[in-house]
Amino acid sequence: MSFWIDGEDIADQAAPDGPIETRWERRKFSAKLVNPANRRKLSVIVVGTGLAGGSAAATLAEAGYRVRSYCYQDSPRRAHSIAAQGGINAAKNYRNDGDSVYRLFYDTVKGGDFRARESNVYRLAEVSVNIIDQCVAQGVPFAREYGGLLDNRSFGGTQVSRTFYARGQTGQQLLLGAYQAMERQIGLGNIEMFARHEMLELVVVDGKARGVVVRDLVTGEITTDLADAVVLASGGYGNVFFLSTNAKGCNVTAGWRAHRKGALFANPCYTQIHPTCIPESGAHQSKLTLMSESLRNDGRVWVPKRGDDKRAPGDVPEEDRDYYLERIYPSFGNLVPRDIASRAAKNVCDEGRGVGPGGLGVYLDFADAISRLGKPAVEAKYGNLFEMYQRITGEDPYEVPMRIYPAVHYTMGGLWVDYDLQSTIPGLFVIGEANFSDHGANRLGASALMQGLADGYFVLPNTLNNYLAAGPFEKISPDHEQVVAARKQVTDRLDKLLSVNGDRTVDSFHRELGHIMWEYCGMERTEEGLTKAISLIRGLRDEFWTRVKVPGTGAELNQNLEKAGRVADFFELGELMCIDALHRAESAGGHFRAESQTPDGEAMRHDDEFGYVAAWEFGETPTLHKEKLDFEYVHPSTRSYK
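Basically the numbering used here = 1-based index in the sequence shown + 14.
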């Protein structure tokens, strides 16, 4: 049985050629502009208010466009970007340790295991230097050295210090900067803000994205909003695994609705497993808690050398400890990229040397750092993270090592976009984690905030002009047959969910789906396991539509109905993730196929067969379109951090 159909290859028609150092400048110059007076006639819908969506809405409104912004949270500042901890990368070279735009570009392409576009990644590195200046001007309180200069720390996959941070609250502080910029535009009347509204459908008229159908989560009212262009900044899909570091509200519905309308979905199997999360404590748990990767700057990762060593960590002498990352990867040590650190932790736990309940944990030990720097210095860097860990576990990391284990965190896959960040649906632009464009098969730490703000502040406002320059577009009536059809799709779907009236909760289905995904499409995948997972997901999805229980009505606040719609989309996405992982018979970054590894257990790519972006077209049997990846500057090689 074939799980997919091979379609025609695709290419990024918007990407410029020529010297990579000048591509972005040349693209900006060649893009059409919109007269300032004409911008007032054009409207843009932005879905999502995290770093990407908030910065995009603020910048577009500042430029003069009429912006309407939507989020399902109570407030824009509750977007999940607020949870980011460790920092944001920028090639400022403040430490004079050899960093540069080119080195950040190189590290990112290599860290993504050579599965990202060079043009996009170079632009990201180039724009990174402007982000810090922008945020400092907004008053973001980055950490500073004693003399007042901005401080930096290092993150996994690099040998320089390029990460700017605000203790362990970097995402929160950056989001407040974007939020304040957006609120200023709201106050000026340039942005209409709709909180507690969830996008449930994309409106496509004559092949162009022209609006969204949303549900008021308080009253249940279904409304349609039409515009000249739509921007999706709706985040990633890690919650398909049920247990993840994502906020429980994070979902794929906005992106998936666009995918069903014709937007290609790229590399869905590329899921990032974060190596430093607090281990699962029991079946009652609904989410996992991240401990910032920045902790690996000063914390040393180890397990006992013997699996039967059950002594308390403080009683295990140095000679009986295995600092396995330092042993296996002496060049990078504890700062290897996330995919490598995660698999290494899984391996030592599989050997029976894990610590804590069920043996699913490794130690992250700060004893050396406290001895070397003193407790006050460690507290100044990581105090809020240590406090959070102690509140959750009841253990004081100043006295005993943290226990950590890998967990689902970020998703590198997303809607396919070209160099202009436009999807395969004209007029639909996708930014931040919702697109696939910058990270390849593995995101380096502290690059998510960089991409979100780069897309929102600096890239989209330039490329969107090129599309809108063809406007104003034909005015669309709410009575247009394609608008009415989109609205009917939403109401029919909600009615169907409410009418099942079965005997199983939404959460029970979501938890079971998550278990299938983690077991067969998690840190390690096999052909046999993925084939089994597809069958299990299809059976569970059929059961969902006959047994799910959604109490209440659609004309009220009904969080069970919200969750049911999201889980229904997760079933379809989960199947596509497994199909994508099945077709990619190689290991690359966060996608580790057990059949494709080196003798010492490292990921083995097959560039001749899989050196492409996998872009999927929706259908009962999905169609695979391949975008070939060309490397002119960073040539694919066996990735080594030893």
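We put the CB at the ideal spot given by N, CA and C, even for glycine.
For a cut-off of 8 angstroms, the C-beta gap from I548 to L527 is around 12 angstroms, too long to register as a contact. Here DSSP, grouped into helix, strand and coil, assigns D334 to helix. The criterion of a C-beta distance shorter than 9 angstroms is satisfied by I59 and V245. For P318, the pairing in a beta bridge is given by DSSP as R335. Looking at the backbone, the Cα of P371 and that of S295 are separated by about 8 angstroms. DSSP places Q286 inside the beta strand (DSSP E), whose first and last residues are 285-291.
Between A104 and A192, the gap from beta carbon to beta carbon reaches 9 angstroms or more.
Less than 9 angstroms divides the Cβ of L458 from the Cβ of G126. Taking 8 angstroms as the upper bound for CB-CB distance, E600 and S610 are in contact here, some 5 angstroms apart.
Here DSSP, grouped into helix, strand and coil, assigns Q436 to strand.
For M213, the three-state secondary structure derived from DSSP is strand. M305 sits in coil when the DSSP states are folded into three classes, being neither helix nor strand.
The closest CA to that of D353, considering only P565, S168, Y419, R320, is found on Y419.
When Cβ pairs closer than 8 angstroms are counted between the two stretches, the region 214-229 is seen not to touch the region 41-48, the count staying below three. Taking C-alpha positions only, P390 is separated from P440 by approximately 54 angstroms. Listed in chain order, the beta strand (DSSP E) elements of length 3 or more contained wholly in the region 355-399 are 376-379. Non-local C-beta neighbours of A261 in its own chain, meaning closer than 8 angstroms and more than five positions away in sequence, comprise H94, A97, K301, ordered along the chain. Bridge partners of T238 according to DSSP: V227. Here DSSP, grouped into helix, strand and coil, assigns G543 to helix. Closest in C-alpha terms to A359, from the list Y338, G347, P344, comes Y338.
According to DSSP, E206 shares a beta bridge with R82.
Note: R607 is bridge-paired with R539 in the DSSP secondary-structure output. Beta-bridge annotation (DSSP): F279 is paired with L429, W630.
DSSP, read as helix, strand or coil, puts V143 in helix.
If the five residues before and after E409 are omitted, its C-beta is found closer than 6 angstroms to no C-beta atom of its own chain. Note on geometry: alpha-carbon atoms of D469 and R367 lie some 43 angstroms from one another. Using a 10 angstroms sphere on the CB of G428, the tally of other CB atoms reaches 16 or more, which defines it as buried. Using a C-beta cut-off of 8 angstroms, the region 238-254 makes no contact with the region 108-119, since fewer than three inter-stretch Cβ pairs fall below that distance. The beta-carbon separation of Q87 and A209, rounded to 6 angstroms, stays under the 8 angstroms limit for a contact. Remark: C-beta atoms of Y377 and R320 do not approach each other more closely than 9 angstroms. Nearest C-alpha to N204 among E76, Y433, L575, L571: E76. If you ignore the 5 residues before and after K642, its C-beta comes within less than 6 angstroms of the C-beta of Y626, all in its own chain and listed in chain order. Here T36 carries a helix assignment [DSSP, helix/strand/coil]. As the crow flies, the alpha-carbon of G78 is around 24 angstroms from that of M213.
Spatial neighbours of G588 in its own chain (CB-CB distance under 7 angstroms, excluding positions within 5 residues in sequence) are listed in chain order as V254, L527, M531, I551.
Contact check for P282 against L474 fails: the beta carbons are separated by 9 angstroms or more.
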